[in-house]
Structures are given as structure tokens and as C-alpha cells.
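Engineer: I am attaching a structure below and will ask some questions about it afterwards.
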Amino acid sequence: MQSVKWNKEVFTPSKIICVGRNYAAHIAELNNETPTNMVLFAKPNSAITDSLNSEHLGEALHYETELCFLVKDKQLAAVALGLDLTKRGLQSTLKEKGLPWERAKAFNGSALFTEFVAVNASCHYQFSLKIDGINTQLGDTRLMLHNAEQILAEISDFMDLEDGDIIMTGTPEGVGKVVANSSFAVTLMDDQQELLSHQWQAL
113 MQSVKWNKEV
123 FTPSKIICVG
133 RNYAAHIAEL
143 NNETPTNMVL
153 FAKPNSAITD
163 SLNSEHLGEA
173 LHYETELCFL
183 VKDKQLAAVA
193 LGLDLTKRGL
203 QSTLKEKGLP
213 WERAKAFNGS
223 ALFTEFVAVN
233 ASCHYQFSLK
243 IDGINTQLGD
253 TRLMLHNAEQ
263 ILAEISDFMD
273 LEDGDIIMTG
283 TPEGVGKVVA
293 NSSFAVTLMD
303 DQQELLSHQW
313 QAL
């Protein structure tokens, strides 16, 4: 599969399925409990954007860098990096009340993606986020509580995944507020080989 950048002319996912609390260090930094079962939630395709905004409807946004997979023929066909933008204050309020997270996670413009490249045989990757040149997040699939194949199986157990659907696999520690005019640079690695890099300028 050749590199593909998401746009409506190439494919439109019917949905984005996201994994929450998939890195122990991220669970600790937000003082969350380690879940017994896999935490899953959805974003609609209207969440996808090319613009990295620092706020939405007046509320500050936080970034979460994530390894993302594109589904084809019910399998993981391609890999990319994405930003899961979050209204952290609203999310905390919703969690305290035991309510769903969609208002804090699934709003318009809450998901950004790099181009996708074909998956490797192992589905093991490393990735990084630099903000204004400073290492901010480092991810490694070996640190995930649930690996990509386990995530695919869990979702497929109760939901059909269609061609073009995207799975976001959770974020490592180092999340924080998006600051306007800052530069976000992400890199995806397969051990020593760089697979892709991308940069966004926060608005």
C-alpha cells in the first residue's frame, strides 16, 4: 500500500475507534485507575481536520499523540500518527459524573492524521512528538497495555470495521495544552528506520 494522506477524495472513514488508558505512565500522570477492561470510545469522521487548533468554542484543547491504524478487509493495513485533541477540563467533569466522553473527545476538529504507510509484519513501532523542538512525548508499542492485534480483535468482537476506518491506540505520557503558534513535529520509527514525519502549526 502506498502512502496515503487522509482526504475526502481518497477515503472517508465511517468512524474512528479510540483506545483510552493504554499506557501505564499516562494513566499515572492523569491519576486515573488502570482499567480492568479495554477502554474504547468513538469519534465521527466529522472530527477529522488538517488544522491544529488550540481551542474549540472557547475551551482550551490538550494534545495526545497516538499510533493509528487504517483498516482494510478487516485487517490492519496501514499505520500513521495522529493527534487526539481533548477538552481536558470537560472530560474531567464528565468522568466525575460517570458520563460519556464524546463532548470532550468527538467534537469537530478533534482528530488529525499524518499520511498512512503500509504496516510491517510485527506491528511494533516507536514514535515521538517534539513541540518547538523539545521532546515532549515518546511512544513504543512494547509499552502498550493492549497491542494492535488485541485492540483489533476486541473491537471486531462487537463492531464491524469497514474499509477506511481508523483505530487510535492511545497516548503515552507527556500530554498537555496546545499553545497557539507552537510547532508540533511527529516522527514514526520502525526501530532505526524513519517511516514518516509530519509537522503542524498550532492556531
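Heads up: the sequence shown begins at 113 in the working numbering, then just goes up one per residue.
Cβ coordinates follow ideal geometry from the N, Cα and C atoms, glycine included.
In this text the structure is predicted, and so the values were computed from the model without any measurement.
#1: Grouping DSSP H, G and I as helix and E and B as strand, with all else coil, what is W297?
#2: Take I128 and list the residues in its own chain whose beta-carbon comes closer than 8 Å to its own, dropping the five residues that flank it on each side.
#3: Can you tell me whether Q249 is buried or exposed, with buried defined as 16 or more other CB within 10 angstroms of its CB?
#4: I'd like to know if the segment 285 to 297 and the segment 201 to 208 are in contact, where contact means that at least 3 CB-CB pairs between them fall below 8 Å.
#5: What are the start and end residues of each continuous alpha helix (DSSP H) run of 4 or more residues lying completely inside the segment 167 to 251, in chain order?
#6: What's the C-alpha gap between S309 and T226?
#7: Where do the N-terminal and C-terminal ends of the beta strand (DSSP E) with E306 fall, by residue?
#8: For Y175 and G288, which I take to be in contact (beta-carbon distance under 8 Å), what is that distance rounded to the nearest angstrom?
#9: Which residue comes first and which comes last in the alpha helix (DSSP H) that contains I160?
#10: At which residues does the alpha helix (DSSP H) containing A292 begin and terminate?
#11: Going by DSSP, what residue range makes up the beta strand (DSSP E) through M256?
Structural biologist: On the basis of the supplied data:
#1: Residue 297 sits at position 185 when you count from the first residue of the sequence shown. Position check: residue 297 holds Ala in this sequence, whereas Trp was assumed. Collapsing the DSSP output to three states places A297 in a strand.
#2: Residue 128 sits at position 16 when you count from the first residue of the sequence shown. Excluding residues within five positions, the ones whose Cβ falls inside 8 Å are A154, K155, P156, N157, A159, I160, A223, D277, I278, I279, M280.
#3: The residue labelled residue 249 in the question sits at position 137 within the sequence shown. Buried, by the Cβ-count rule.
#4: Contact between the segment 285 to 297 and the segment 201 to 208 is absent, with fewer than three C-beta pairs closer than 8 Å.
#5: Whole alpha helix (DSSP H) segments, 4+ residues: 200 to 208, 214 to 217.
#6: Mapped onto the sequence shown, residue 309 falls at position 197. Mapped onto the sequence shown, residue 226 falls at position 114. Using only the alpha carbons, I get a separation of about 8 Å.
#7: The sequence position of residue 306 within the sequence shown is 194, counting from 1. First-last of the beta strand (DSSP E) with E306: 305 to 313.
#8: Here residue 175 is taken as the residue at index 63 of the sequence shown, counted from 1. Here residue 288 is taken as the residue at index 176 of the sequence shown, counted from 1. About 7 Å; that satisfies the 8 Å criterion.
#9: Locating residue 160 in the sequence shown gives position 48, where the first residue counts as 1. Run containing I160: none; DSSP gives neither H nor E here.
#10: Taking the sequence shown and counting its residues from 1, the one referred to as residue 292 is at position 180. Neither: A292 is in no alpha helix (DSSP H) and is coded neither H nor E.
#11: Here the question's residue 256 lines up with position 144 in the sequence shown. According to the DSSP assignment, M256 belongs to no beta strand (DSSP E), since it is labelled neither H nor E.
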